[in-house]
Amino acid sequence: MAIEATLPSADASIAHVDDPPHHPTTVPSRNVAKLAELDATKLILKLTSNPKFPPKDLNSREFGEVKTDHMLIAKYDPALGWSAPEVVPYGPLNLDPASSCLHYSTTVFEGMRAYRGPDGEPLLFRPAENARRLLRSAERAALPSFNSGEFLKLLKQLIVVESQWIPSEPGQSLYIRPTMIGTRSTLGLQASDRAMLFVILAPTGASGAFPGSALSKSLSRARSESVSKPLMGKTVSIIAQGSAVRAWPGGAGNHKLGANYAPTLLPQLKAAREGWDQILWLNGETVTEAGSMNLFVVVKKEVETQDMDVITPPLDGTVLPGITRDSCLALLHAHSSSSLALPTIPRAQRLHVQERPFTMTELFAWANQGKLVEVFGVGTAVNVAPIGKIGWDLTGGKGGSVKVIETGEVRNVGMALAERLTEIRSGRGQWDGWSVRCDEGFKGSVRSMTRSHL
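Residue 49 in numbering that gives the first Met the number 0 sits at position 50 of the sequence shown; the count goes up by one each step and never skips.
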């Protein structure tokens, strides 16, 4: 039932010039309906009558190829607000061909994963951070707002419904893709006042880091070999080219907008043809990101000491504020303060964390001076991916001489972070409440309904 509210009357001091000064004009108050908020208590379950069985061969499947039985969906109407959210069978979306998202890229999304804990229950890794980042992205794309806390409750309930799809094999997980699209169906270039919020789920094997590449298969084998040290047996090669820019000051590179990703595909395709796994994105000579990963470099402070600087580009508006990036920084600071030592790294070894700009010239100078210890990328898709080879194309992609450095075999910091993050994500360790259960608060209702259905 709609709740009506009375707006305060307009400023009574405004009057026409010929009105007596002591008899101002007034504007009558209006009653308006309060728009419905996104509300997890209104969730409607419409479960499929033909549930599928999760496949066993996930490592041989393409990333995102397999989807679960259900998806979450809610719609925003400018006259009514948010509809009652629904969990419905997975299927095509009903969109007007003139929808804003199809013409003006009013699309934002997130990437998350659910893991199976030691007791078999589903776990999420810092999901509130993803929910808040999705909201920030929606605001940047001028899409309708929503309550991120209610969205998180809905997401947890969807995961409970689909908990049988969470793989239990090492390196595997249930990938979560929350998405919000503008659905205003007029062709004028304006903010979309209609929207659709939906979440789809895809169980993924160990090859989902760089889907479709040869590297994907080798990383799959590395992940399957060890759950505690994922990806550390294989390395990534990256090429820096100044001919294409992923993000720029004043742009939207610090948000997960769909429009940010399409322009990166062609440079990535060209780099792959030349034998490189990923692009190292630059602004001028300044390093920003590696592919879709946040970048870290480890540099010796002095050759004769064990102290090291761990440097990552700052959040200056051109770098995505990654959840894994933030988690790595927190773990590095914890090691430095002795509140939580990283595995395999002595407590006495000081790691000096720096968020600051650095250039390709600096990077190659560190390598030539023997100070560059290791380079790695981090992100939801890869956890921690070691980078073994870095190229710098000074011709702007026109072909010719490419300067190359090899980062060597020492990967202690990246390996330690990978091991600690994997422990927390899988529920075998805990830190600052990062590992979050999905079934608290509604275990009885949703779980019982799901089990009776299946």
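Note that the Cβ used here is the ideal one computed from N, Cα and C, for glycine as well. Computed from a predicted model, the values in this text were never measured in an experiment.
Grab me the residues of residue i's own chain with a C-beta within less than 8 Å of its C-beta, minus the 5 sequence neighbours each way, in chain order.
{"i": "F363", "result": "W391, K402, I404"}
{"i": "E36", "result": "G80, W81, F145, N146, E149"}
{"i": "R410", "result": "M231, E373, F375, P385"}
{"i": "L330", "result": "L339, L341, L416, R419, L420, W430"}
{"i": "S101", "result": "Going by the sequence as given, residue 101 is Leu instead of Ser. Excluding residues within five positions, the ones whose Cβ falls inside 8 Å are L94."}
{"i": "K74", "result": "W81, S82, T182, R193, A194, M195, L196"}
Could you tell me which residues DSSP puts in a beta bridge with residue i?
{"i": "Y174", "result": "R112, A201"}
{"i": "N129", "result": "DSSP output for N129 lists no bridge partner at all."}
{"i": "H102", "result": "Looking at the DSSP assignment, H102 forms no beta bridge with any residue, so it has no partner."}
{"i": "N282", "result": "T285"}
{"i": "E373", "result": "V297"}
{"i": "H351", "result": "D308"}
{"i": "G80", "result": "A35, D76"}
{"i": "W391", "result": "A239, K402"}
{"i": "N459", "result": "A question about residue 459 goes unanswered here, because the residues of the chain that appear run from 0 up to 453."}
{"i": "A384", "result": "G376"}
{"i": "L196", "result": "A73, M179"}
{"i": "T43", "result": "Sequence check: residue 43 is Ile here, not Thr. Per DSSP, E85."}
{"i": "V107", "result": "M179, L256"}
{"i": "Q277", "result": "I237"}
Within its chain, find whatever has a CB closer than 6 Å to the CB of residue i; leave out the 5 residues flanking it on each side and keep chain order.
{"i": "A477", "result": "Any answer about residue 477 is impossible in this case: the structure gives the chain only from 0 up to 453."}
{"i": "A39", "result": "E149, K152, L153"}
{"i": "R455", "result": "Residue 455 falls outside the range modelled here, since the chain spans only 0 to 453, and no answer is possible."}
{"i": "S434", "result": "L122, I423, G426"}
{"i": "S59", "result": "none"}
{"i": "S99", "result": "T105, G181, R183, S191"}
{"i": "T358", "result": "E284, T285"}
Here's a check: name, in chain order, each residue in its chain whose Cβ is nearer than 7 Å to the Cβ of residue i, leaving out the five neighbours to either side.
{"i": "F108", "result": "R176, P177, T178, K255, G257"}
{"i": "K41", "result": "A83, P84"}
{"i": "V298", "result": "M307, D308, I310, W365, K370, L371, V372"}
{"i": "M292", "result": "G376, V377, G378, V381, A384"}
{"i": "R220", "result": "Model confidence at R220 stands at a pLDDT of 41, short of 50, so the residue's coordinates are unreliable and nothing is read from them."}
{"i": "P53", "result": "Q163, W164, P202"}
{"i": "E64", "result": "none"}
{"i": "L188", "result": "Y103"}
Just mark residue i as buried or exposed, buried being the case when its beta carbon has 16 or more other beta carbons within 10 Å.
{"i": "H69", "result": "buried"}
{"i": "P248", "result": "exposed"}
{"i": "A380", "result": "buried"}
{"i": "T185", "result": "exposed"}
{"i": "Q156", "result": "buried"}
{"i": "I43", "result": "exposed"}
{"i": "H334", "result": "buried"}
{"i": "L393", "result": "exposed"}
{"i": "R132", "result": "buried"}
{"i": "T406", "result": "buried"}
{"i": "R125", "result": "buried"}
{"i": "S337", "result": "exposed"}
{"i": "L350", "result": "buried"}
{"i": "Q267", "result": "buried"}
{"i": "A270", "result": "buried"}
{"i": "Q368", "result": "exposed"}
{"i": "T317", "result": "buried"}
{"i": "S172", "result": "buried"}
{"i": "N282", "result": "buried"}
{"i": "R272", "result": "exposed"}
{"i": "P143", "result": "buried"}
{"i": "E288", "result": "buried"}
{"i": "T67", "result": "buried"}
Between which two residues does the alpha helix (DSSP H) carrying residue i extend?
{"i": "I423", "result": "411-424"}
{"i": "S326", "result": "322-335"}
{"i": "S236", "result": "Counting along the chain, S236 falls outside any alpha helix (DSSP H), though it belongs to the beta strand (DSSP E) covering 235-240."}
{"i": "I158", "result": "147-160"}
{"i": "N367", "result": "359-367"}
{"i": "Q305", "result": "Looking at the DSSP string, Q305 is not in any alpha helix (DSSP H), and its letter there is neither H nor E."}
{"i": "P248", "result": "It is not in any alpha helix (DSSP H) - P248 carries neither H nor E in the DSSP assignment."}
{"i": "R272", "result": "261-272"}
Hey, quick one: how far does the beta strand (DSSP E) through residue i stretch, first residue to last?
{"i": "R436", "result": "434-436"}
{"i": "I344", "result": "I344 -> no beta strand (DSSP E), and no H or E assigned at all."}
{"i": "K299", "result": "292-299"}
{"i": "L122", "result": "121-124"}
{"i": "P88", "result": "85-88"}
Cβ pair count under 8 Å reaching 3, the region 416-436 against the region 313-330 = yes
Does the region 230-245 come close enough to the region 274-286 that 3 or more CB-CB pairs lie under 8 Å?
-> yes
Cβ contact (3+ pairs, closer than 8 Å) linking the region 69-78 and the region 125-140 | no
Are the region 108-119 and the region 85-97 touching, with three or more C-beta to C-beta distances below 8 Å?
-> no
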